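Heads up: the sequence shown begins at 1 in full-length UniProt numbering, then just goes up one per residue.
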Amino acid sequence: MAKRGGFPGGGMPGNMNNLMKQAQKMQKQMEEATKELEAKEVTAKAGGGAVEVTVSGKKEVTKVKLTEEIVDPDDIEMLEDLIMAATNEALRQMEEISSNSMSKITGGLGGGFPF
Numbered sequence: 001m002a003k004r005g006g007f008p009g010g011g012m013p014g015n016m017n018n019l020m021k022q023a024q025k026m027q028k029q030m031e032e033a034t035k036e037l038e039a040k041e042v043t044a045k046a047g048g049g050a051v052e053v054t055v056s057g058k059k060e061v062t063k064v065k066l067t068e069e070i071v072d073p074d075d076i077e078m079l080e081d082l083i084m085a086a087t088n089e090a091l092r093q094m095e096e097i098s099s100n101s102m103s104k105i106t107g108g109l110g111g112g113f114p115f
């Protein structure tokens, strides 16, 4: 008849405590890293610097800067494309910073954290 309850040798409960402590420590580090990331900003340029877009760590556009010569009423599509390109590049850079920051904490464990 199998023993009820437990872990053979009694070694597992201590390991579970250690795992829980490590998980709590990792969670706290991730929360701190998330706060730090949210305070960061990344600026990307397009059109040789004619369009600049700044994105926050919360992945929100915080600033769009255009040079006067890029504003051509006869070519709105080019301006729209440049804004889109600069925005996408800034978001990509912020995602890379976020991903690198989280992988330092998780040690490459993965887990698909939504940060």
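C-beta: ideal position from N, C-alpha, C; glycine also.
Note that the structure is predicted; figures quoted are calculated from it, not measured.
Going by alpha carbons, who is nearest to residue i out of the options?
i	options	result
residue 69	23, 94, 47, 15	47
residue 89	33, 34, 54	54
residue 65	20, 75, 83	83
residue 58	51, 71, 42	42
residue 56	49, 36, 74	36
residue 51	85, 73, 24, 23	85
What is the residue span of the alpha helix (DSSP H) that residue i lies within?
i	result
residue 106	76-106
Can you tell me which of the three DSSP states residue i falls into?
i	result
residue 52	strand
residue 34	helix
residue 60	coil
residue 115	Confidence is the limiting factor: at residue 115 the pLDDT is only 47, short of 50, which leaves the residue's position unreliable, though a coordinate-based value still follows. Reduced to three states, the DSSP call for residue 115 is coil.
Under the rule that 16 or more other beta-carbon atoms within 10 Å means buried, what is residue i, buried or exposed?
i	result
residue 98	buried
residue 106	exposed
residue 39	exposed
residue 44	buried
residue 20	exposed
residue 60	exposed
Tell me which residue opens and which closes the beta strand (DSSP E) that residue i is part of.
i	result
residue 45	41-46
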